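Everything below concerns the one structure shown next.
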């Protein structure tokens, strides 16, 4: 295990958050394709010329592992009862005096409304505070995304501000 508690498996009842693996490719792709319409309005996009992401899932996982070793990103798969259900990631981790990170997540629609995402986010945020030493996490949510707003409301996360243009959407 790397300093800061990575890789780690977090569990609460039937919800498990574990590191993203290359063997998740088919499950991840299937969930994203099956939920394309459900997720599209909330997925941030990359402005023209700004996309430097890996072009394969294996490349993505390798890149995320490197970032995890550097302590800047922690990608978790969400499983419910052993079934792939989505992803929650702490990224853009800043160390030094700031000690914060951003939390992003998505969930297969089949699991929506069952309290899965609040439990997953709570486990990951607790890990960020308790093991990674972060002092603050932020969740950027589009104001019209009522499902995501409910997640942070259930967790008692305060609204700190409104940041127009914070994420790129097309």
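In our numbering, the protein residues as written are 1 to 170. We put the CB at the ideal spot given by N, CA and C, even for glycine. For clarity, every value in this text was computed on a predicted model and none was experimentally measured.
A Cβ-Cβ separation of about 7 Å places residue 140 in contact with residue 102 under the 8 Å criterion. Taking the C-beta atoms as reference points, residue 16 is found nearer than 8 Å to residue 9. About 15 Å separates the Cβ atoms of residue 74 and residue 86, ruling out a contact at the 8 Å cut-off.
Here DSSP, grouped into helix, strand and coil, assigns residue 102 to strand. When DSSP states are grouped into helix, strand and coil, residue 68 belongs to the helix group.
Judged by DSSP in its simplified three-state form, residue 85 adopts strand. By the Cβ-count criterion, residue 135 is exposed, with fewer than 16 other Cβ atoms from all chains shown falling within 10 Å of its own Cβ. Under DSSP, residue 76 shares a beta bridge with 19, 88. In terms of Cβ geometry, residue 25 and residue 57 form a close pair [threshold 8 Å]. Less than 8 Å divides the Cβ of residue 147 from the Cβ of residue 112.
Looking at the DSSP output, residue 136 sits in a beta bridge with 100. Spatial neighbours of residue 118 in its own chain (CB-CB distance under 7 Å, excluding positions within 5 residues in sequence) are listed in chain order as 151, 154, 155.
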